[in-house]
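Undergrad:
Number of protein chains: 2
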Amino acid sequence: MDRYAPAAFGGILTFGGINLSRAESALLARQLGAIQTHRPNVRLLSEGDMLDRPRLIRSGWACRVRFLSDGRRQILNYYLPGDILGLSLDPDPVALAGYASLTRLMTMEVGTLRTLALDRPDEYPELAAACRRMKVHEEFYLLAQITRIGRQKAYERVAHLLLEFYSRLSRTGLAEGASFQLPLTQEALADGLGLSAVHVNRTFKLLKRKNYVRVERGTVTLLEREALAEMCGFREPEDLFQVDTVPHKTAVSF
Amino acid sequence: MDRYAPAAFGGILTFGGINLSRAESALLARQLGAIQTHRPNVRLLSEGDMLDRPRLIRSGWACRVRFLSDGRRQILNYYLPGDILGLSLDPDPVALAGYASLTRLMTMEVGTLRTLALDRPDEYPELAAACRRMKVHEEFYLLAQITRIGRQKAYERVAHLLLEFYSRLSRTGLAEGASFQLPLTQEALADGLGLSAVHVNRTFKLLKRKNYVRVERGTVTLLEREALAEMCGFREPEDLFQVDTVPHKTAVSF
DNA sequence: CGAAGGCTTGATTCAGATCAATTCTTGTGG
DNA sequence: CCACAAGAATTGATCTGAATCAAGCCTTCG
């Protein structure tokens, strides 16, 4: 059941929610690699591995993760359908953390695309730009992750992460209205949020009671998206690139 | 009093602890830009700003930071002497968070170096490699930051961050034996560690009592570096690149 | 149908936050 | 060189958000 979108719509290639033109998609279509499936909760790459074979996620969710010696687990970031596992524009790239599947996963090898983006960016400008943009987004989400777990309350963290998921899935066409499929266990959320699974559960209960969200069978509905975003200070990465329209948000003191 | 090292030793350029050859340093030496000083706790760049003018830190410490609407502050990463503020290899780079000084700061404009690294990497291979390496280190430290604040105890967090500072300063020649100058307030540490300033203070007291560290006048001495690293799971980024020597550390379960 | 994994809930504990003084430093101006 | 003011560091007392422990209850799915 690959309910989570294909990353190519009618011949248009999409990476991390960024569409290539039909023309460039056509050029690249025959460069796509083999498809693999992976079961949930398996290690895909280990710290220190070479990242020369990035894989595009066609369905399912994955993450980067680090373990402490006593078994504590920290999820560093999540990868959703359309994201690329192990994308690096470095000529000699190394995994800075482990990569693991969180659900059943279907991936496609895109090592060739990586090579093209690196060696002939001029021939594939959109591909190269999409790769760079994906890296920027990845860093943006890392920074969001730090702010969430460093300075936000449990209910803010959960709200913020749900908004991030919604935003990212929307870009890939995987949200329906205000709803999306969330295939993660509460434990997988907890390990990303720096909380215990029990407390994630209670926090969901709180958000439901306050009518911020509805959750039924793995489907999350954000009922008050504006209010939710306001409450937890959520911002889209796109906001950063439209500096001309919005006047500069004069930030808090010093 | 710029007690914190110059980033150039006898004509050798050093970026983030990575030395260029004498030859390439000589080629680049005349491309260095103007020097500026900045007072402590001022905003250097805001979210969304163009990053076309990176600045090398010659002395002092800085950080990237994000504020919540009620004034809570999260420090995302720290920049030490020899680091570059706003380094990006993207053609059209944007600040993903604010940049601020934490101490008095002396910086040097290195926009020209950025341009050379981008446009003529073949002529300046070491410069280009150093820039890439710095970006990798930066991401490595972001991941460490996430693990610290997401899943470690206060005393582990503090120990881990001190080890990181020691490691980074050592590479630039700014550590003396087991000691280094730590010019940050406990509040600046707290905002990076996701703790309150009071608790940082108490945690220092604990680490002192256990004879892990000594602190006097802004000088930190790591008394039991091995034990400390073991206790908090600290690892050097270099470990990742020497996969051949060390057999693969089979990590915790799945 | 049964087993296993995930979810939910209650009871209890605890790490770290918050509040409130007091000292200690450090930089400044006279 | 000294006095002081402002900012840091330190300490105590108290509170609280989230962890932990421990059942029970749902869903899946073979």
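Residue numbers (UniProt numbering), protein chains in the order written: chain G, 1 to 254; chain L, 1 to 254.
A virtual CB, placed ideally from N, CA and C, is assigned to each residue, including glycine.
1) Is the distance from the Cβ of isoleucine 150 of chain L to the Cβ of isoleucine 149 of chain G below 8 Å?
2) To the nearest angstrom, how far is it from the Cα of asparagine 19 of chain G to the Cα of alanine 154 of chain G?
3) Span of the beta strand (DSSP E) holding leucine 222 of chain L?
4) Under the three-state reduction of DSSP, which class applies to alanine 29 of chain L: helix, strand or coil?
5) How many Å lie between isoleucine 84 of chain G and alanine 178 of chain G at the Cα?
6) Measure the C-alpha to C-alpha separation of glutamate 238 of chain G and proline 93 of chain L and round it to an integer number of angstroms.
7) So what's glycine 16 of chain G in DSSP terms, helix, strand or just coil?
8) If you draw a straight line from the alpha carbon of proline 183 of chain L to that of valine 158 of chain L, how long is it in whole angstroms?
9) Could you name the residues of chain G that proline 225 of chain L contacts, counting a contact when the two beta carbons are closer than 9 Å?
10) Does DSSP put phenylalanine 204 of chain G in a helix, a strand or coil?
11) Counting only C-beta atoms, is isoleucine 18 of chain G closer than 8 Å to chain L at any point?
12) Mapping the DSSP letters down to three states, classify threonine 172 of chain G as helix, strand or coil.
13) Just the Cα atoms here: how many angstroms apart are glutamate 24 of chain L and glycine 11 of chain L?
14) For the 8 Å Cβ check, are there 3 or more pairs between the region 216-228 of chain L and the region 164-178 of chain G?
15) With respect to 7 Å, is the separation between the Cβ of glutamine 186 of chain L and the closest non-hydrogen atom of the ligand NAP below this value?
16) Alpha helix (DSSP H) containing threonine 103 of chain G: first to last residue?
17) Any beta carbon of chain L sitting closer than 8 Å to that of leucine 76 of chain G?
18) Cα separation between methionine 231 of chain G and leucine 228 of chain L?
19) From the DSSP output, in three-state form, read off glycine 98 of chain G for me.
20) Interface residues of chain L around glycine 233 of chain G at Cβ under 8 Å?
21) Counting only Cβ pairs nearer than 7 Å, list the residues of chain L close to arginine 72 of chain G.
TA: Checking against the coordinates, here is how it stands:
1) Before going further, note that residue 150 of chain L is glycine rather than isoleucine in the sequence given. Cβ distance < 8 Å, so glycine 150 of chain L and isoleucine 149 of chain G count as in contact.
2) Rounded to whole angstroms, asparagine 19 of chain G to alanine 154 of chain G spans 35 Å at the Cα level.
3) From DSSP, the beta strand (DSSP E) with leucine 222 of chain L extends over 219-222.
4) The DSSP-derived three-state label of alanine 29 of chain L is helix.
5) It is roughly 25 Å from the alpha-carbon of isoleucine 84 of chain G to the alpha-carbon of alanine 178 of chain G.
6) Inter-residue distance for glutamate 238 of chain G and proline 93 of chain L is about 13 Å (C-alpha atoms, whole angstroms).
7) Residue state, collapsed to three classes: coil.
8) A straight-line Cα-Cα distance of about 15 Å links proline 183 of chain L and valine 158 of chain L.
9) According to the sequence displayed, residue 225 of chain L carries arginine and not proline. Going along chain G, no residue has its Cβ under 9 Å from arginine 225 of chain L, so there is no contact; the nearest lies around 17 Å.
10) Under the three-state reduction of DSSP output, phenylalanine 204 of chain G falls in the helix class.
11) For isoleucine 18 of chain G, no CB of chain L lies under 8 Å from its own CB, so it is not counted at the interface with that chain.
12) In the structure shown, threonine 172 of chain G sits in coil (DSSP, three-state: anything other than H, G, I, E or B).
13) Computed Cα separation, rounded: 10 Å.
14) Using a C-beta cut-off of 8 Å, the region 216-228 of chain L makes no contact with the region 164-178 of chain G, since fewer than three inter-stretch Cβ pairs fall below that distance.
15) Although the ligand NAP was asked about, the structure shown includes no ligands whatsoever.
16) Element bounds for threonine 103 of chain G: n/a, residue is neither H nor E.
17) Yes, leucine 76 of chain G counts as interfacial toward chain L.
18) Spanning the two alpha carbons is a distance of roughly 39 Å.
19) Here glycine 98 of chain G sits in strand by DSSP.
20) Residues of chain L passing the Cβ test: Leu68 and Ser69.
21) One finds Arg151 in chain L with Cβ atoms closer than 7 Å to the Cβ of arginine 72 of chain G, taken in chain order.
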